[in-house]
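Colleague: Got a structure here, written out as structure tokens. Questions coming.
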Amino acid sequence: MRLNSRSFIYQIKLPVICLLLLSAMSVKAQRIANPVIAPMPQNTVQLLPGRLLNQLNEVKTFYLGINSDAMLKGFRLRRGMPTKGAPDMGGWYTNDIFNPFGQMVSGLYRLYAATGDIACKNKADQLIAEWALTIDGPGSTRGEGYFYYTNNTAAKHYVYDKMVGALVDAYVFGGNTGALIHLSKITDWAIARLDRSRPYGEGGEWYTLSENLYRANISTHDIKYKTFGQVWEYTEYWNYFKNNVDPLTAHPGPYHAYSHLNTVSGAGAAYLVKNDPAYKTILINCYNYFKDKQNYVTGG
0 MRLNSRSFIY QIKLPVICLL LLSAMSVKAQ RIANPVIAPM PQNTVQLLPG
50 RLLNQLNEVK TFYLGINSDA MLKGFRLRRG MPTKGAPDMG GWYTNDIFNP
100 FGQMVSGLYR LYAATGDIAC KNKADQLIAE WALTIDGPGS TRGEGYFYYT
150 NNTAAKHYVY DKMVGALVDA YVFGGNTGAL IHLSKITDWA IARLDRSRPY
200 GEGGEWYTLS ENLYRANIST HDIKYKTFGQ VWEYTEYWNY FKNNVDPLTA
250 HPGPYHAYSH LNTVSGAGAA YLVKNDPAYK TILINCYNYF KDKQNYVTGG
């Protein structure tokens, strides 16, 4: 398994994701009566004084200190809007390589949900409002609803997925109803224009899209998100776990490590939407596989 294919600004801890496979949604977003697997609200864990609380507060302070105009600079440049003298963020952010704007907004809403610090919600709401002004309108050569950081963005599937997650979090955790309007616009663009070839193991991570689209369906009851979410189910890979087969034996080759765990969160979301026990089997067998046979890793 390829564990170092690229480095991300924000790394994801594998043990945490393993646990989150069984609690992928907010209770507010939950729709199925008496599910076997139930979500855990963001605010149900209280950190007592110590290292973890210190780290949480450091992360919150860091997020709140990021220059909002710098985060918005590329979006505004693409639309020919003033950038207010903002500096470049640098690195992959400025170069629009797997741009993490969506993750950063999502993080602010989740910090708000976990801590109750209104400053996190206020900053995230302001970022959403300003970013929404840069979404392409009717007549755009890129298509109405184009929302990326630059005209030539890399990893369209990846960035769309993270923006869907941010907008769902804005609504679920932040009560931002306007986010649903923006979610619908960018999803209409994606339905019309995202490549659906879905090559197995491809590094653009199309196979993570179903989770947030199913979350959008649960949160809004709009069938559009369920229908589009079904397009991105990673059926061939997930079925290895359903049948208790080692995917690395059945389908050898390089895999982007953590996204081949993240993708199974889509099966968790599908379970909440469809109540099909096959998805629960996938979750359980995947959890046991990674716990028993794989190393705990961070990053790509």
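Residue 35 in numbering that gives the first Met the number 0 sits at position 36 of the sequence shown; the count goes up by one each step and never skips. From the three backbone atoms N, C-alpha and C, an ideal C-beta is built for every residue, glycine too. Note that this is a predicted model, so its numbers are computed, not measured.
1. Can the beta-carbon of P246 be found less than 8 Å from the beta-carbon of Y236?
2. Alpha carbon to alpha carbon, how far is G147 from V158?
3. In its own chain, which residues sit with a C-beta less than 7 Å from the C-beta of Q149, not counting the 5 before and 5 after it?
4. Less than 8 Å between the CB atoms is what I'm expecting for K208 and H259, so what's the real figure, rounded?
5. Exposed or buried, which one is Y199 when buried takes at least 16 other CB atoms within 10 Å?
6. If we count Cβ pairs, one from each stretch, closer than 8 Å, do we get three or more for the region 160 to 167 versus the region 99 to 117?
7. Compare the C-alpha of L63 against each of Q41, D124, L47, G90 and name the closest.
8. If you compare alpha carbons, which of F227, A215, K120 is closest to L182?
9. Check H181 in the structure and name its three-state DSSP category.
10. Between G138, K83, F172, which has its C-alpha nearest E129's C-alpha?
11. Assign Q45 to buried or exposed, taking buried as 16 or more other Cβ atoms, counted over all protein chains shown, within 10 Å of its Cβ.
12. List the endpoints of the continuous alpha helix (DSSP H) containing Y92.
13. Reducing DSSP to helix, strand and coil, say where I281 ends up.
14. Would you report the Cα separation of W231 and R197, rounded to the nearest angstrom?
15. Whose C-alpha, out of A113, Y170, A266, is nearest the C-alpha of Y233?
16. Tell me whether R78 sits in a helix, a strand or coil according to DSSP, three-state version.
Modeller: To lay it out plainly:
1. yes
2. Note that residue 147 is Tyr in the sequence shown here, rather than Gly. If you take the alpha carbons of Y147 and V158, they lie about 8 Å apart.
3. Going by the sequence as given, residue 149 is Thr instead of Gln. Here the set comprises G73, R77, D95.
4. In the sequence under discussion, the amino acid at residue 208 is Leu, which differs from the Lys named in the question. Not really, about 14 Å apart at Cβ, beyond 8 Å.
5. Classification for Y199: exposed.
6. yes
7. D124
8. Across the set F227, A215, K120, the C-alpha of A215 shows the shortest separation from the C-alpha of L182.
9. helix
10. K83
11. exposed
12. 90 to 93
13. helix
14. 8 Å
15. A266
16. Here R78 carries a coil assignment [DSSP, helix/strand/coil].
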